[in-house]
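Following: one structure in structure tokens, then a few remarks.
Residue numbers (this note's numbering), protein chains in the order written: chain A, 1 to 154; chain B, 1 to 127.
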């Protein structure tokens, strides 16, 4: 795995969570940090272009309603569909900020719709080239960058 | 003078976020319209006066780039100021959007960033 991609994931996530989610880093990124508790929600978004792959974001189920409330400016936890919407949108922003750093900033990528699930997404045929965990005031978030096996990166 | 604003994004959470950020940036909001894709946006524009549109790119049914092309092709709304609010990072695509007369703001954004670009777009449209 590349330290550069780890750092890029962490930087993109820190910016997105603080500027959109009002959740702020409480320490340095550290891939050994894990989400507390068993109830974890995963989101994945695929991208296609000169390099194709996916970005995954994992958060605790506890963090999700807070994130959605912060993003939508609501005092109460929004309904579940808005919670997954918030997570998907956060992942979209992170992915969009990582892609220009994969190769040429002029490259054009198509980004799919993010999907959320309880189980870890399937990345058959892909390899992980970046992974990190970011400790936020609201909890740890985990990120991973995957590219197709044949891609000449990582 | 208050502005009639249209926010076009397939994420309801992001639409709320953009509106809230506009309020925080002291933009004087009049009527606010929301659409989840380009097709809905065109339907709203057919019946309502809008001073400024903030548009995402990646949306189902009709994406933001197609929406802008449709807007520019209709004489009654061809001059509508448009700001693209997107995670798009490709310089190639951003230049294509500028060529269609749209300004661009990258997600994530602060109230200050969105306030500045709204002012810039509105000043340019009054010239």
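No residue lacks a Cβ here, since even glycine has one placed at the ideal position from N, Cα and C. Note that the structure is a prediction, hence the values are computed from the model and not measured.
Between 71/B, 54/B and 3/B, which lies nearest to residue 9/B when the distance is taken from Cα to Cα?
Along the second chain, one-based indexing puts residue 9/B at 9. The option with the nearest alpha carbon to residue 9/B is 54/B.
Ordered along the chain, which non-local residues of its own chain (more than five positions away) have a Cβ less than 7 Å from that of residue 49/A? Counted from its first residue, the first chain places residue 49/A at position 49. Hits under 7 Å: 107, 108, 109 and 110.
Query raised in the report: chain A partners of residue 108/B, CB-CB under 7 Å?
Result: Along the second chain, read from residue 1 onward, the residue named residue 108/B stands at position 108. 15, 16, 19, 20 and 93, listed in chain order.
| query | Which first and last residues belong to the alpha helix (DSSP H) in which residue 130/A is found? | reply | Taking the first residue of the first chain as 1, we reach residue 130/A at position 130. That residue, residue 130/A, is in no alpha helix (DSSP H); its beta strand (DSSP E) goes 126–136.
| field | Residue range of the alpha helix (DSSP H) that includes residue 43/B | value | If you number the second chain from 1, residue 43/B lands on position 43. 38–47 is the span of the alpha helix (DSSP H), which, as asked, contains residue 43/B.
Quiz item: Comparing the C-beta of residue 52/A with each C-beta of chain B, is any distance below 7 Å?
Solution: Taking the first residue of the first chain as 1, we reach residue 52/A at position 52. So no, residue 52/A is outside the interface.
task: May I ask which residues mark the beginning and end of the beta strand (DSSP E) holding residue 33/B?
output: Within the second chain, residue 33/B is the residue found at index 33, counting from 1. Run containing residue 33/B: 29–35, per the beta strand (DSSP E) assignment.
Cβ of residue 139/A less than 7 Å from any chain B Cβ? Sequence index remark: in the first chain, residue 139/A carries index 139 (1-based). Residue 139/A does not count as touching chain B.
Proximity below 7 Å, CB of residue 118/B to CB of residue 7/B: Residue mapping note: residue 118/B aligns to position 118 of the second chain, counting from 1. Residue mapping note: residue 7/B aligns to position 7 of the second chain, counting from 1. Against a cut-off of 7 Å, the Cβ pair of residue 7/B and residue 118/B comes out as no contact.
Next item on the list: For the beta strand (DSSP E) holding residue 47/A, just list the boundary residues, first then last.
Entry: Counted from its first residue, the first chain places residue 47/A at position 47. That run of the beta strand (DSSP E) goes 40–48.
If you measure from the beta carbon of residue 106/A to each beta carbon in chain B, is any gap under 7 Å?
Position 106 of the first chain, counting from 1, holds the residue named residue 106/A. At least one chain B Cβ lies under 7 Å of residue 106/A.
DSSP three-state assignment for residue 153/A, whether helix, strand or coil:
Here residue 153/A refers to the residue found at position 153 when the first chain is read from its first residue. In this structure, residue 153/A counts as coil in the three-state DSSP scheme.
- Message: Distance check for residue 57/B and residue 89/A, CA to CA, integer angstroms please.
- Response: Counting from 1 along the first chain, the entry for residue 89/A is found at position 89. Counting from 1 along the second chain, the entry for residue 57/B is found at position 57. C-alpha separation (whole angstroms): 13 Å.
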